Amino acid sequence: MARIRGDIHPLAPHKTLRPEAQVDDGFLTNKKDKRTMKHSAFLSKVAKTAPGSGKTLKRRRPNKKLVATMESLADALPELEEGAQTLDQLREGKVRHKSLKSRPGALKRKEKVVKAEVARFGASMAALASVPAAVNASGAGAGAGAMAVEEAGSHETTTSATSSRWAALRKHISSTMEQNPAFST
Numbered sequence: 001m002a003r004i005r006g007d008i009h010p011l012a013p014h015k016t017l018r019p020e021a022q023v024d025d026g027f028l029t030n031k032k033d034k035r036t037m038k039h040s041a042f043l044s045k046v047a048k049t050a051p052g053s054g055k056t057l058k059r060r061r062p063n064k065k066l067v068a069t070m071e072s073l074a075d076a077l078p079e080l081e082e083g084a085q086t087l088d089q090l091r092e093g094k095v096r097h098k099s100l101k102s103r104p105g106a107l108k109r110k111e112k113v114v115k116a117e118v119a120r121f122g123a124s125m126a127a128l129a130s131v132p133a134a135v136n137a138s139g140a141g142a143g144a145g146a147m148a149v150e151e152a153g154s155h156e157t158t159t160s161a162t163s164s165r166w167a168a169l170r171k172h173i174s175s176t177m178e179q180n181p182a183f184s185t
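If you're matching positions, the sequence shown starts at 1 in full-length UniProt numbering and goes up one per residue.
Now the structure itself:
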């Protein structure tokens, strides 16, 4: 660091004789010396941890039994199913998304997810398209006398029709989407 900061001249030799040094300058570290030091440190660690070295490892007291059983641990794990969707979910149209790992076959899995999303989007759009037909059918039997009133309030009608479409779409999506109970109201 001192050489980088500029405290030591950049052309000065890396190893010089130092009369005040605590370590003998004959023991200058080259690659072979460093390897010898690492090897001896490793051997000392192995000698320390060898059985019968005098130091016993601290073990758990036998009167402290584990509370959990394998069954309770298995119950805590999420269900691991190949399809990730049960028959009930398929019947209700609910979708559970999982993140895709990047491994062989990821593109095929991505295509499956995209196809499922396109189908789900089509169902949502069909639900959205079915709402205005019901609104128009209820207003069709009013007759010619209501035409002038309808033209005057056409802005309100389109606003209410649009809001009812969005409400129907929100209702359809919320009914077909699986929600975490912590976030549902």
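Glycine included, every Cβ here is placed at the ideal spot set by N, Cα and C.
Quantities reported herein were computed from a predicted structural model and do not represent experimental measurements.
Range covered by the alpha helix (DSSP H) that runs through residue i
i   : result
M37 : 31-49
E71 : 70-76
A12 : Careful: A12 lies outside any alpha helix (DSSP H) and carries neither H nor E.
A2  : 2-5
Own chain partners of residue i with C-beta closer than 7 Å, once the 5 adjacent residues on each side are dropped
i    : result
N136 : Only weak support exists for where N136 lies, its pLDDT of 49 falling under 50; the coordinates are left without a value.
V114 : none
G83  : With a pLDDT of only 49 at G83, under 50, the local geometry of the prediction cannot be trusted, and the value read off the model is given with reservation. Closer than 7 Å at Cβ, skipping near neighbours: no residue.
Rounded distance between the beta-carbons of residue j and residue i, thought under 8 Å
i   : j  : result
P13 : R3 : Contact doesn't hold; Cβ gap of about 11 Å is too wide.
Close Cβ partners of residue i (< 8 Å) along its chain, the five nearest in sequence each way excluded
i    : result
P104 : none
I8   : A2
N30  : none
S138 : Because the pLDDT of S138 is 48, which lies under 50, any placement of that residue in the model is unreliable, and the number read from its coordinates should be weighed accordingly. Nothing listed; no residue qualifies.
Check: residue i C-beta below 6 Å from any heavy atom of the ligand GTP
i    : result
F183 : As far as ligands go, the structure on display features none, and thus does not contain the ligand GTP.
Notebook entry, point to check: Does the stretch 122-131 come close enough to the stretch 166-179 that 3 or more CB-CB pairs lie under 8 Å?
Noted result: yes
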